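What follows is a single structure, written as C-alpha cells, with notes after it.
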Amino acid sequence: MLDFTRSFITWTTHPRKPHPYYRWDGGFVGDLGDVYRVRMQVDSTMDIVDPSGSSITHYLNYPCRAELTIATEQFFMIPSGEWRAVFTREHGVPIARGPSDVSEPVARRPVLERYADMDFQPVTLPGAEQLLDGHAVNEATQAGAVINGQTTYRDKATGLDIRVEFPIRLMNLHPDSGKFQLCCGPVIVPDMATWDGEGVDRVFLAEVALSQFDYVEFILRREIEPAESEKEWFHQVRGRDRLELWDPDNPPPEPLVLQLSLVEKSEPTRRRGSTASGLWV
C-alpha cells in the first residue's frame, strides 16, 4: 500500500536551449542554459504483471496547470490547460487524447531523451491490512483511516494482469447494511492493443468506481474541441504571448493549432469475473 501523500517523482531538466521559433516555448521564462529541478506527487499507479509475477509500474503525476516558469508574475499560460504525465522508470508513456477506438501515432519514449535524470520515491505504508467486507469498509472510513483501493483484472488477449492502485478520496456509505461505493480518479488504464511484449505505447486516464470486490467500472477521459462561440476569448492574448516568435519574419513552417483540453465521458469499461478488488488501511 503506497502512501500517496509522500510518494514523489523528481527530475532534472537538460540545460535550456532556445527553441528555433518560439521565445517562450513550454512556458520557460528563465535564462538560456538554466537547469531546473521539479518534484511532483504521485496520484495513482498501474502495474502490468506477467505470469511470473514480474511487473512494469506506471506512475501518474499530480496535475499541473500550464504555467510560465520560473516567473515573478503572470504564472498561468493563456490559453490554459492541464499537464499530466505517466512514467515508468525507463519511459514516458503518452496519455490518449482521443477515444479508445481511435488509434493515435504515439509511442513511449526513453525518459532520458527529455530529462537529465529522474528519481522515483514511492513510500510504502507498513502494516497495511486488507478490508474483507463492507462492514469493515464502513468502520474504517468512519474511523478516519487512510484507505487505498486496488483492483486487478486480466487482459484476455495477452494473459497479463493489470493492477491499479489509487488513494480513496470519496466514499459513500450505508452503515446499517454495510454497503459502500467509491468513485475516484484519475487512474491509469493501459491500451493493451499497443502492447509489444515490453510495454505499452498509450494509456488512458479514467475514473474508477466499485461497490463490490468482484466488479469494477472505468470511464475514460478524452479531449474535445471548444465550441466556436468560446474560441474568441480562448485564444485572446493576455499578458505575455506564449506564441511570441524570436523573429516575426521567420514563423514556423507549420501552423500551430491549439485546442482546449476538456473532459468528456465515454462509455464505461466494465470488468467482472476475472476482476479482484481490495481496500487497504
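Going by our numbering, 141 is the number at position 159 of the sequence shown; the sequence numbering is gapless.
Don't be surprised by glycine CBs; every beta carbon is placed ideally from N, CA and C.
Since the structure is predicted, the reported quantities are computational estimates derived from the model, not experimental observations.
Thinking just about the alpha-carbon of each residue, which of His(-4), Ser37, Arg220 is nearest to the one in Ala98? The residue labelled residue 98 in the question sits at position 116 within the sequence shown. The option with the nearest alpha carbon to Ala98 is His(-4).
Give me whichever residues DSSP pairs with Gln132 in a beta bridge. Here residue 132 corresponds to residue number 150 of the sequence shown, with the count starting at 1. For Gln132, which the question treats as bridged, DSSP gives the partners Glu147, Gly260.
Contact the stretch 42 to 60 vs the stretch 14 to 29: 3+ CB pairs below 8 Å: yes
What span of residues does the beta strand (DSSP E) with Ser211 cover, start to end? On the sequence shown, residue 211 is found 229 positions in, with the first residue counted as 1. Element bounds for Ser211: not the beta strand (DSSP E) but the alpha helix (DSSP H), 210 to 216.
Any idea what DSSP makes of Gln241, helix, strand or coil? By 1-based counting over the sequence shown, the position of residue 241 is 259. Note on Gln241: pLDDT 39, under 50, position unreliable in the model; the coordinate value appears next. Gln241 falls in the coil class under three-state DSSP.
Can the beta-carbon of Ala191 be found less than 8 Å from the beta-carbon of Glu199? Within the sequence shown, numbered from 1, the residue matching residue 191 stands at position 209. Within the sequence shown, numbered from 1, the residue matching residue 199 stands at position 217. Against a cut-off of 8 Å, the Cβ pair of Glu199 and Ala191 comes out as a contact.
Alpha-carbon spacing of Gly116 relative to His1, whole angstroms: As a first step, residue 116 is located in the sequence shown; it is residue number 134 there, counting from the start. As a first step, residue 1 is located in the sequence shown; it is residue number 19 there, counting from the start. So the alpha carbons of these two residues sit roughly 55 Å apart.
Extent of the continuous beta strand (DSSP E) run through Arg21: For the purposes of this step, residue 21 is taken as the residue at position 39 of the sequence shown. Per DSSP, Arg21 belongs to the beta strand (DSSP E) from 19 to 31.
Pairwise C-alpha distance: Arg91 and Gln241: Counting from one through the sequence shown, the residue named residue 241 turns up at place 259. Counting from one through the sequence shown, the residue named residue 91 turns up at place 109. Note on Gln241: pLDDT 39, under 50, position unreliable in the model; the coordinate value appears next. Spanning the two alpha carbons is a distance of roughly 24 Å.
Report yes if the CB atom of Arg204 is closer than 8 Å to the CB atom of Ala118, and no otherwise. Numbered from its first residue, the sequence shown carries residue 204 at position 222. Numbered from its first residue, the sequence shown carries residue 118 at position 136. No; because the gap between Cβ atoms is not below 8 Å, this pair is not in contact.
Can you pull the DSSP bridge partners for Met100? Numbered from its first residue, the sequence shown carries residue 100 at position 118. Trp(-7).
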